[in-house]
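A.B. asks: Residue numbers (our numbering): 197 to 299. Cβ atoms here follow ideal geometry from the backbone N, Cα and C, with glycine treated the same way. One structure, pasted below without further comment.
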Amino acid sequence: MNIVIGGSYHKFLHEINVLHKRLEREGHNVLAPIKDAEQRAVDDRYNYILFQGEEIKNPVDVQKRFMNKIRKADAFVVCNKGRIYWNDCGNGIGMGIWCNKES
197 MNIVIGGSYH
207 KFLHEINVLH
217 KRLEREGHNV
227 LAPIKDAEQR
237 AVDDRYNYIL
247 FQGEEIKNPV
257 DVQKRFMNKI
267 RKADAFVVCN
277 KGRIYWNDCG
287 NGIGMGIWCN
297 KES
């Protein structure tokens, strides 16, 4: 199954990376974020996390590519370890719904 993991990349990137590895061990293909993702920068305007290789790219294009990955995925998994309800988690769930994926 193709999966995209959403959630707070700002706060729980370590947990998201652990989940990524677990899903791969179980035979799934994780489309995003990249494996062993490392935060390289935070975009000043949109507050997006930019991973290695994305630092100099337009953050709007980075977000569009992420949304396209959600559309291609079979499932959108929200990693909400800290039980954050609206800003971080709500945005992730909203993206999944917008792309017609069950969260």
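Under the rule that 16 or more other beta-carbon atoms within 10 Å means buried, what is V226, buried or exposed?
C.D. replies: Counted from its first residue, the sequence shown places residue 226 at position 30. It is buried - the Cβ of V226 has at least 16 other Cβ atoms within 10 Å.
A.B. asks: Considering only residues of the stretch 207-247, which uninterrupted beta strand (DSSP E) runs meet the minimum length of 3 residues and lie entirely inside it, listed in chain order?
C.D. replies: 225-228, 235-238, 245-247
A.B. asks: Per DSSP, what kind of secondary structure is N198 in: helix, strand or coil?
C.D. replies: By one-based count along the sequence shown, residue 198 stands at place 2. DSSP places N198 in strand when its eight states are reduced to three.
A.B. asks: For E250, which of R221, A233, G203, I266 has the nearest alpha-carbon?
C.D. replies: Here residue 250 corresponds to residue number 54 of the sequence shown, with the count starting at 1. Comparing Cα-Cα distances from E250 to each of R221, A233, G203, I266, the minimum goes to A233.
A.B. asks: So V200 packs on A228, CB below 8 Å; how close in whole Å?
C.D. replies: Within the sequence shown, numbered from 1, the residue matching residue 200 stands at position 4. Within the sequence shown, numbered from 1, the residue matching residue 228 stands at position 32. With a Cβ gap of about 5 Å, V200 and A228 count as contacting.
A.B. asks: Counting along the chain, where does the beta strand (DSSP E) carrying A271 start and finish?
C.D. replies: Counting from 1 along the sequence shown, the entry for residue 271 is found at position 75. It spans 271-275 - the beta strand (DSSP E) in which A271 sits, taken as one unbroken run.
A.B. asks: Buried or exposed: H216, going by 16 or more other Cβ atoms within 10 Å of its Cβ?
C.D. replies: Position 20 of the sequence shown, counted from the first residue, corresponds to residue 216. Result: buried.
A.B. asks: If I measure Cβ to Cβ from N213 and keep anything under 7 Å in the same chain, skipping five residues before and after, which residues do I get?
C.D. replies: In the sequence shown, counting from the first residue as 1, residue 213 sits at position 17. Same-chain partners within the cutoff: D232, A233.
A.B. asks: Which same chain residues end up closer than 6 Å to N198 when comparing Cβ atoms and leaving out the 5 residues on each side of it in sequence?
C.D. replies: Taking the first residue of the sequence shown as 1, we reach residue 198 at position 2. For N198, where only same-chain residues beyond five positions count, the Cβ hits under 6 Å are N225, L227, A269, D270.
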